[in-house]
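A.B. asks:
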Amino acid sequence: RPRNQDYVLDGTTITAPVFGGQAINPAIDSIQEFRIEANSMSAEYGKAGGGVLVAVTKSGTNEFHGSGYEYNRNEKLNARNFFEDRSQPKNPFDRNEFGGTIGGPVVKNTVFFFADYQGLRGNGSAPVTGVIVPDAAFRNGDLSARCTAGFDGAGICRNASQQVSFPGTTTPVPFNRIPAAQISPVSRNFLAIWPSSDTPASNPGARELSFTRRTENSLNRVNARMDYQLSSSNQVFGVLHTQWGRNLSHPSNLLAGPEGQQIQRSRDYALTTGWTRSFTPALLNNFRFGYMHRIGHRTNLGQGVTSPADFGLQGIPDCLGSVPDTGGGKKCGTPSVSISGFARLGTLGMLYEPASTLQISDSVIRLVGRHDLKVGGEARRYAIDNYQPGAVGEFSFTGSQTGNGFADFLFGRLNNGGVDVQNAMVATRAWSYAVFVQDDIKMTPHLTLNLGVRWQYDQSFREQHNGLAFFNPYTAEWEQFGVNAPETAFDPSRKQFGPRVGVAWSPTTTVVVRGGYGMTYPSAVGHGRAGDAQPGPNLLARTPIPAGTNWSQALAITSPDPSAITAPIPVNHLVSFSSWAPRQQTPPHYHLWNLTVEKQLGRNSVAQIAYVGSAGRNLPINYAYNICQQTPESTAALGYAATTSPHCPLAAQRVLASGGSLYDLVVTPGYWGLASSDYHSLQAKFERRFSGGVSLLANFTWSRLMDDSSSDWGGFWSLDVLGQDFYNRKAERSVSAGDIPRRLTLAPIVELPFGAGRRWLNDGVASHVLGGWRAAAIYTFSTGSPFGITDNSYGYCNAAHTLSNRPMLTGDPLPSGFTQTLSRWFDTSAFDFSGTCAAPGLPAPSGSGDPKKAFGNAPRYFANVRNPGVNNVDFSLQKDVRVPRGDSFRLRVRADFLNLLNHPQFAEPVADPTNPSFGRITGTALNNRTVQLGLHMFF
Numbered sequence: 014r015p016r017n018q019d020y021v022l023d024g025t026t027i028t029a030p031v032f033g034g035q036a037i038n039p040a041i042d043s044i045q046e047f048r049i050e051a052n053s054m055s056a057e058y059g060k061a062g063g064g065v066l067v068a069v070t071k072s073g074t075n076e077f078h079g080s081g082y083e084y085n086r087n088e089k090l091n092a093r094n095f096f097e098d099r100s101q102p103k104n105p106f107d108r109n110e111f112g113g114t115i116g117g118p119v120v121k122n123t124v125f126f127f128a129d130y131q132g133l134r135g136n137g138s139a140p141v142t143g144v145i146v147p148d149a150a151f152r153n154g155d156l157s158a159r160c161t162a163g164f165d166g167a168g169i170c171r172n173a174s175q176q177v178s179f180p181g182t183t184t185p186v187p188f189n190r191i192p193a194a195q196i197s198p199v200s201r202n203f204l205a206i207w208p209s210s211d212t213p214a215s216n217p218g219a220r221e222l223s224f225t226r227r228t229e230n231s232l233n234r235v236n237a238r239m240d241y242q243l244s245s246s247n248q249v250f251g252v253l254h255t256q257w258g259r260n261l262s263h264p265s266n267l268l269a270g271p272e273g274q275q276i277q278r279s280r281d282y283a284l285t286t287g288w289t290r291s292f293t294p295a296l297l298n299n300f301r302f303g304y305m306h307r308i309g310h311r312t313n314l315g316q317g318v319t320s321p322a323d324f325g326l327q328g329i330p331d332c333l334g335s336v337p338d339t340g341g342g343k344k345c346g347t348p349s350v351s352i353s354g355f356a357r358l359g360t361l362g363m364l365y366e367p368a369s370t371l372q373i374s375d376s377v378i379r380l381v382g383r384h385d386l387k388v389g390g391e392a393r394r395y396a397i398d399n400y401q402p403g404a405v406g407e408f409s410f411t412g413s414q415t416g417n418g419f420a421d422f423l424f425g426r427l428n429n430g431g432v433d434v435q436n437a438m439v440a441t442r443a444w445s446y447a448v449f450v451q452d453d454i455k456m457t458p459h460l461t462l463n464l465g466v467r468w469q470y471d472q473s474f475r476e477q478h479n480g481l482a483f484f485n486p487y488t489a490e491w492e493q494f495g496v497n498a499p500e501t502a503f504d505p506s507r508k509q510f511g512p513r514v515g516v517a518w519s520p521t522t523t524v525v526v527r528g529g530y531g532m533t534y535p536s537a538v539g540h541g542r543a544g545d546a547q548p549g550p551n552l553l554a555r556t557p558i559p560a561g562t563n564w565s566q567a568l569a570i571t572s573p574d575p576s577a578i579t580a581p582i583p584v585n586h587l588v589s590f591s592s593w594a595p596r597q598q599t600p601p602h603y604h605l606w607n608l609t610v611e612k613q614l615g616r617n618s619v620a621q622i623a624y625v626g627s628a629g630r631n632l633p634i635n636y637a638y639n640i641c642q643q644t645p646e647s648t649a650a651l652g653y654a655a656t657t658s659p660h661c662p663l664a665a666q667r668v669l670a671s672g673g674s675l676y677d678l679v680v681t682p683g684y685w686g687l688a689s690s691d692y693h694s695l696q697a698k699f700e701r702r703f704s705g706g707v708s709l710l711a712n713f714t715w716s717r718l719m720d721d722s723s724s725d726w727g728g729f730w731s732l733d734v735l736g737q738d739f740y741n742r743k744a745e746r747s748v749s750a751g752d753i754p755r756r757l758t759l760a761p762i763v764e765l766p767f768g769a770g771r772r773w774l775n776d777g778v779a780s781h782v783l784g785g786w787r788a789a790a791i792y793t794f795s796t797g798s799p800f801g802i803t804d805n806s807y808g809y810c811n812a813a814h815t816l817s818n819r820p821m822l823t824g825d826p827l828p829s830g831f832t833q834t835l836s837r838w839f840d841t842s843a844f845d846f847s848g849t850c851a852a853p854g855l856p857a858p859s860g861s862g863d864p865k866k867a868f869g870n871a872p873r874y875f876a877n878v879r880n881p882g883v884n885n886v887d888f889s890l891q892k893d894v895r896v897p898r899g900d901s902f903r904l905r906v907r908a909d910f911l912n913l914l915n916h917p918q919f920a921e922p923v924a925d926p927t928n929p930s931f932g933r934i935t936g937t938a939l940n941n942r943t944v945q946l947g948l949h950m951f952f
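Numbering (the numbering used here), first residue to last: 14 to 952.
(1) Return the CA-CA distance between residue 187 and residue 178, expressed in angstroms with no decimal places.
(2) For residue 937 and residue 21, what's the separation of their Cα atoms in angstroms?
(3) In whole angstroms, what separates the C-alpha of residue 451 from that of residue 382?
(4) Would you mind stating whether residue 529 and residue 57 have Cβ atoms separated by less than 8 Å?
(5) Tell me the DSSP secondary structure of residue 480 in three-state form.
(6) Check residue 923 in the structure and name its three-state DSSP category.
(7) With distances taken between CB atoms, is the gap from residue 625 to residue 509 smaller than 8 Å?
(8) Who does residue 367 pair with in a DSSP beta bridge?
(9) Check for me: the beta strand (DSSP E) holding residue 875 runs from which residue to which?
(10) For residue 894 and residue 909, what's the separation of their Cα atoms in angstroms?
(11) May I have the straight-line CA-CA distance separating residue 466 from residue 454, to the nearest angstrom?
(12) In the structure shown, what three-state DSSP assignment does residue 797 receive?
(13) In whole angstroms, what is the alpha-carbon distance linking residue 729 and residue 88?
(14) For a minimum of 3 consecutive residues, which ranges assigned as the beta strand (DSSP E) are wholly contained in the region 17-75?
(15) Assuming the contact rule is C-beta atoms closer than 8 Å, residue 519 and residue 617 should be a hit. Round their C-beta distance to whole Å, please.
(16) What did DSSP end up calling residue 142 once you bin it into helix, strand or coil?
(17) Let me check understanding here. Comparing Cα to Cα, which of 198, 196, 914 and 289 lies closest to residue 246?
(18) Return helix, strand or coil for residue 742, following the three-state DSSP convention.
(19) Whose C-beta lies closer than 6 Å to the C-beta of residue 783 among residues of the same chain, with five residues either side of it excluded?
(20) Give the secondary structure of residue 167 by DSSP, where H, G and I count as helix, E and B as strand, and everything else as coil.
(21) Counting pairs of beta carbons, one from the region 745-759 and one from the region 715-725, are three or more of them closer than 8 Å?
(22) Does residue 281 pass the burial test, meaning 16 or more other C-beta atoms within 10 Å, or should it be called exposed?
(23) Mark residue 502 as exposed unless 16 or more other C-beta atoms lie within 10 angstroms of its C-beta, in which case mark it buried.
(24) In whole angstroms, what separates the C-alpha of residue 606 from that of residue 756?
(25) Let's test the definition: count the other Cβ atoms within 10 Å of the Cβ of residue 941 and tell me whether it reaches 16, buried, or not, exposed.
(26) Looking only at DSSP bridge pairs, what is residue 235 linked to?
(27) Would you report the Cα separation of residue 104 and residue 525, rounded to the nearest angstrom?
(28) Under three-state DSSP, which class holds residue 693?
(29) Kindly list the residues whose CB is nearer than 6 Å to the CB of residue 700, restricted to its own chain and excluding five residues on each side of it in sequence; keep chain order.
(30) Under 8 Å, with one C-beta from each stretch per pair, do the region 390-397 and the region 434-446 reach the 3-pair mark?
(31) Quick check on the DSSP output: the beta strand (DSSP E) that includes residue 512 runs from which residue to which?
(32) Would you tell me roughly how many angstroms separate the C-alpha atoms of residue 426 and residue 97, rounded to the nearest one?
(33) Report, in whole angstroms, the separation of the C-beta atoms of residue 752 and residue 798, which I expect to be a contact under 8 Å.
(34) Are residue 819 and residue 876 touching if we call contact CB-CB under 8 Å?
(35) Kindly identify the DSSP beta-bridge partner or partners of residue 433.
(36) What does the alpha-carbon distance come out to for the pair residue 82 and residue 108?
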């Protein structure tokens, strides 16, 4: 899983506290060494499910050393994107990466410094194709093209399913032509900014838009390190990393026009200090203190508007009224508008999120006879603040009012909508502790045993101002943490023991056999803040806008109620979600194991083959906050009769005063520790160390990864699609979103046989020009990730608040003899999208009579239908030129060719069945051939 790794720099974590990943990215020239602790790692490391990347930055020495570099890419040398119009000029692109390092003594033999700077400036664009927009007739209210069966004399469509009705009635609109006077003025204002196109699309009334998306980004990194040699047995150091950046781009998959962009800013800091004390040659102590802080900003730039009122939407407050101005001014952005069959119009919500991690760790190394013993512990304090009120209004038009989504939009009659209002930061805090013992025992000269254990304790997050709330299904009330409920969502587990066992055996001088097992507990950072509890009604209020509402009328928006924390909150209070989880949960954990055989081949080559596996249990899950959240006790407390239905049929819904519904809670409650994963792989490696001007590194992996949820949160930070049947984990089991069955990489390095001391052209001008060049390449071949289909707009499924619906299979989507093309990557006729509904027990589709069609039987991901894989060659040429300014001064000339063969690396096909481009590939996952030229100076 993307969030299940830990990143350690100079002995302290640099893992982002919220979404995981590497928060600080130091320049390559500042790294002294790095390694990856994978699978059965030492007990010193934990809080990871897959691996830990460990890196150390460079220190200064008694001599001054440094470097400087500049690398450039631009459209003049690059190949066109596969989907670009060849008749048009190339899309502009320019990227510069530059920087330098310097290190040396402050006081010789005692105090040293090292510093570096790296800058990145990029301006570019990329084609966007397959965006569906309305044609001129639809924009003017003429939806007659929708009726392909023709009209009778009264203007009634002969196919009732293609007839448009007046909102909330069965009265037909003659000839599907909406009177101009009845088109909502708010809708007209949105149409004015909606881009148009003349390119026909397959759906009536639709056009296909292609445009160029402009991007800008800048990034700066600074690293400064000081080392102080107090004595031969005492060393201290301090290092400060900081990086700040700005990114201007269109939101992914949202059409917002040329100005509907987002400014994303980040500012990250990481401070580490360390003290190493050597008491004796056999006793060493390492102390580390680290503090990392990052701030994420996301600000929308609207379509020349300063308020939703500019569209005629009344009652929606200024989105930036209660947080620091992040540089976007007072533009709220375009409200999010979703219309069935067309591209969404609008932007994501703004975000302001400071987060930090403080870490203190200490370890003692003791050599005793055959034992290499290491004992230590660490404490981490997480602080996560969040202001994220969502878009300035989210509005959906699906056809529920008139029979057609675009007609709903023109009339201004919503299927549903909502507005979030947040009045303050959500500020959560938690501590995490760990202790470990690792003993590496040299049993014999040929046998080493590695034994270790790690204990970990992770607190649940506490909101500083009692601003989190949880729904209690037994009392049918919202409970405010720290007021009428405990301060946290969960009771921490004290049973997180992770054993580590390893063995290394050398039966001969050229063969080594290694094996190991480990149990790890990945970090649950972020849970309890945004996953297991929600901002309470004193901080956040969501106003649902019911079906049929005319958005031209003033909207009554609810604001947060600070007095709500003084008493139990009624169940129909307008809060963000209705989520609940039991206080006692089994923490997520992984079992990791491997068996490796390594054989030395001659003096310079090594071959290795390994079996590597893992099993994840009680893993976080993409879950439904509103799925069957009621227990029989809670429905009784509200005065409703309990139901025995295990699948939330329509008869079990309980209507609230707020217009929502309650469902019975059975079988599995709404919490996140339900998923599991299993990974098995055969990994082969061959390495020829550099000798005779040649080196080679080759890796091959043959693997299988199965799970029932590939990520804990959905959205842009997730690999996964949301699940369908929350109560049937077996039905969710499939190949994982991250399953790559076969992957091969080859990385040769060759010194070309030209120049002084080489076989050819070893003297004269040719020797100086053509000699000394080194060529390197990386060839990557891998199968594609699996493909999955979900849709939330068809059938009856939304009635029970399921996450994502999957279709019924009517055939094999990749039958024998099927030829995959960009326009038809799989057989789109192999799915039935009309016969799925929310759960067993709901009415079967008309004419079906098959209760098994309640849920679609398509898998979460298809093992045989996969996204395009990777077949790519990167190539590099470089030469070091000695400059007559001392033996240590040299200049490296370098040319890199990314995707040398210009082989298109296609993106996944369109997975939304309501999109006319369903099953088509409309973009690329990687760039076409990109050339980078650079100069790198060393002294």
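Even glycine gets a Cβ: it sits at the ideal position worked out from N, Cα and C.
Note that the coordinates shown come from a computational prediction; the quantities given were computed from them, not determined experimentally.
C.D. replies: Short version:
(1) 9 Å
(2) 33 Å
(3) 15 Å
(4) no
(5) coil
(6) coil
(7) no
(8) 308
(9) 875-879
(10) 17 Å
(11) 15 Å
(12) coil
(13) Because residue 729 sits at a pLDDT of 36, beneath the cut-off of 50, its placement in the model cannot be relied upon, and the point is left open.
(14) 18-22, 44-51 and 64-70
(15) Contact flag wrong, Cβ pair sits at about 19 Å.
(16) strand
(17) 289
(18) helix
(19) 767 and 774
(20) coil
(21) yes
(22) buried
(23) buried
(24) 20 Å
(25) buried
(26) 130 and 255
(27) 54 Å
(28) strand
(29) 619 and 710
(30) yes
(31) 509-521
(32) 38 Å
(33) 7 Å
(34) no
(35) 555
(36) 14 Å
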